[in-house]
Amino acid sequence: MKASRILLPLFAVGLAVTMAACGGPSTGTGGSTASGPALSAGWDINETPRDQLAGGEFVGVSGTKISTWNIFSVAGNNQEIAFLEAPISAAYYDYNGKGDAIVNPDYLSSVKDEVVDGHLVVTMALNPKAIWNDGEIIGADDWIATWKAMNGSNPKFTPAASDGWDQITDIKAGASQQDVMVTFKATYPDWTSIIAGGPLRAEGVATPEAFNKGWNDYKDAYFTGPFKVSNWDKTSGNVTMVPNDKWWGAKPLLTKITWKIMNSDAIAAAFANQEIDYYDIGADPDGYAQAKAAPNSVVRVAAGPNFRHITINSKSPILSDVKVRQALVMGIDRSVIAKSDLAGLPGTPTPLNNNLFVADQTGFVDQAKATGIDFNLDKAKATLDEAGWKMNDSTGIREKDGKPLNITFVTLAGVAASENEGLQTQKLLKAIGVNVKIKAVDPVTQFEPTLINHDFDLVAFTWVGTPYPLANIGQIYGGSMVDGKFKPSDSNFAQLEIPKVLELKPLIDTEMDAAKRLDLGNQAAQAIWESVHTLPLYQRPMLIGVRSKIANIGALGMARIPKWENIGFTK
């Protein structure tokens, strides 16, 4: 079972929300053991030098058929399809398992960023060998056309997002087409998020018609990379790729990549039967057991970008008091919830103690430790006493002004993690005199309206982190001032105004010094934690089943996309 609601597209920076806990696509050194490993920071990909590898065929899988090859568009904005297209797409930056951006010299000979009169200017020297599959150079004209299609200035284009692109005021060629100068409105510290995916072919984005509909058929000239498409079966959706004879970089080790399209409920069995070589298990203990038992296979394990959390409605009369919200944090043993949710899966789940950074990410600070707001029953009880909620010994429920301390936890019917989190929270908070009532809603038809209409006190779902944790903090934790009143952003489901975040956000958005920016980010993270906007529960493990001899692919952590030319089979 899989259902997702993407709040920011794949190529925008920020977060995405996933409603299900039954598995789904995710994008780490170590391997699974009988007892289950600790989650590795970074990735678990059987990292092996190229000279120790041999070629062969890799068979991947996707649960989604391609309807358009333009993954920059709304219609093509799909994580599975982006993964499938990575072998035939530009990557100006690669990422390690922690999400750190690394220049890819196959496309960028050099890159320089500087601030000129308050404007960030990024100057790229493109690799002169970099070409599209028809032999045409990748140049400034491609960057200019992509910017005009993506920046939101023409509403007839349908990009997945304009974030970042709309902060660019000019792109122009320098001495040649392979010298590109990008100028921003102001400073923009996450500029690598825009550069990383490269441009699209100018011809393919020259008009709204070309951008929106011109990619419905595969056009080889629009692509570049170590592989190329040799066959696309529109009926089955299956795609075959072979090494690209126009590729100028390291020769691909694989002789063939085959992508099979199949229903998600058939993927576990297909992996066990050796029909596919790669299986994103998600949080499915049955799928994990099948993958672990499959012959010639291993489950790669790393700390993934996904994390479960509880959103707390600050406009709920009882929960409008920050003391009550803090008491809930102190009354919920998140390790109990993590162990229960992830029963049957490897690793030792621990609470996640930062709203902005996942535990293996550069910049992570344990905010529960820093603030002292963490599981502590005695402090929880004392905090509720301070807030005026006194225990009624006859009912076991606290009361204030004659009203019981009742809160409603909305769960998603049929979603095991959500249902479990509701029940565990109900049990845990009973110990401090809080009465939790559970309200189940349909995850397909009722969850989105529940969030948008703020029809909950507590609700749990999954956020998906990105390599850019400080971009678009305002999407979830901010908003704007309108006529002197705070208006939460559409995704600020807690509806909470955090003055410190509003103060820091403009600084975080423009601070170019990485160390200073991380410090500002954790000041914001501390304010978010102290205000109890949301309560992170745990970071979900990334579990990827692969054939045991396959190297340089697996649980990729924050990297999401491997270097396909380096994937091969150990000799």
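Here the sequence shown is numbered in the working numbering, starting from 70 and rising by one per residue. Glycine included, C-beta positions come from ideal geometry on N, C-alpha and C.
- Distance from the CA of glycine 208 to the CA of serine 560, rounded to the nearest whole angstrom, comes to 37 Å.
- Distances from the CA of asparagine 281 to each of Ile336, Phe141, Ser383 were compared; the closest alpha carbon is that of Phe141.
- Within the region 486-552, complete beta strand (DSSP E) segments of at least 3 residues are found at 504-510, 527-533, 548-551, given in chain order.
- The three-state secondary structure of arginine 119, taken from DSSP, is helix.
- For the pair glutamine 436 and alanine 529, the Cα-to-Cα distance works out to about 20 Å.
- Exposure of glycine 441 is indicated by the presence of fewer than 16 other C-beta atoms within 10 angstroms of its C-beta.
- Close CB contacts of threonine 261 within its chain, under the 7 Å cut and outside five residues either way in sequence, are with Tyr162, Ala170 (chain order).
- Shown here for tyrosine 257: same chain residues with a beta carbon closer than 6 Å to its own, the five before and five after excluded, namely Leu189, Gln236 in chain order.
- For threonine 417 and aspartate 582, the gap between their C-alpha atoms comes out near 35 Å.
- Here valine 185 is exposed, its C-beta having fewer than 16 other C-beta atoms within 10 Å.
- Only exposed fits isoleucine 521, as fewer than 16 other CB atoms lie within 10 angstroms of its CB.
- Tryptophan 216: member of the alpha helix (DSSP H) spanning 209-219, first to last residue.
- The three-state secondary structure of alanine 144, taken from DSSP, is coil.
- A distance of 8 Å or more separates the beta carbons of isoleucine 577 and tyrosine 546.
- Here serine 600 is buried, its C-beta having at least 16 other C-beta atoms within 10 Å.
- Take aspartate 402, set aside five residues on each side of it, and the residues of its chain with a beta-carbon closer than 7 Å to its own are Phe444, Leu497, in chain order.
- Here the alpha carbons of proline 228 and alanine 194 stand approximately 26 Å from one another.
- Non-local C-beta neighbours of aspartate 239 in its own chain, meaning closer than 7 Å and more than five positions away in sequence, comprise Thr252, ordered along the chain.
- Residue state for glutamate 149 is assigned as helix, using DSSP reduced to three classes.
- Proximity of the region 470-478 to the region 385-403 meets the contact definition, three or more beta-carbon pairs being nearer than 8 Å.
- The shortest CA-to-CA distance from valine 191 to any of Ala230, Met219, Gly243 is the one to Gly243.
- Following the DSSP letters along the chain, one finds valine 405 inside the alpha helix (DSSP H) bounded by residues 403-410.
- At least 8 Å separates the beta-carbon of valine 311 from that of lysine 329.
- When only Cα atoms are considered, aspartate 470 and alanine 451 end up about 18 Å apart.
- Residue pairing for lysine 361: DSSP places it in no beta bridge.
- Separation of the CB atoms of valine 427 and glycine 534 is rounded to 5 Å, and the pair is thereby assigned contact status at 8 Å.
- Glycine 614 sits close to alanine 360, with the two beta carbons spaced by under 8 Å.
- By the criterion of a C-beta distance shorter than 7 Å, serine 383 is surrounded in its chain by Ser389, Ala563, Gln564, Leu565, once the five residues flanking it on both sides are discounted.
- Taking every protein chain shown into account, the CB of threonine 514 has fewer than 16 other CB atoms within 10 angstroms, so this residue is exposed.
- Following the DSSP letters along the chain, one finds proline 374 inside the beta strand (DSSP E) bounded by residues 366-381.
- Within the DSSP secondary-structure output, serine 131 pairs in a beta bridge with Ile330.
- Taking all protein chains in view, the Cβ of serine 179 is surrounded by fewer than 16 other Cβ atoms within 10 Å, so the residue is classified as exposed.
- Relative to asparagine 489, the option among Asn504, Ala500, Ala509, Ile501 whose CA is nearest is Ala509.
- In the same chain as alanine 155, and ignoring 5 residues on each side of it, the C-beta atoms closer than 6 Å to its own belong to Ile630, in chain order.
- By the 16-neighbour rule on beta-carbons within 10 angstroms, leucine 446 is exposed.
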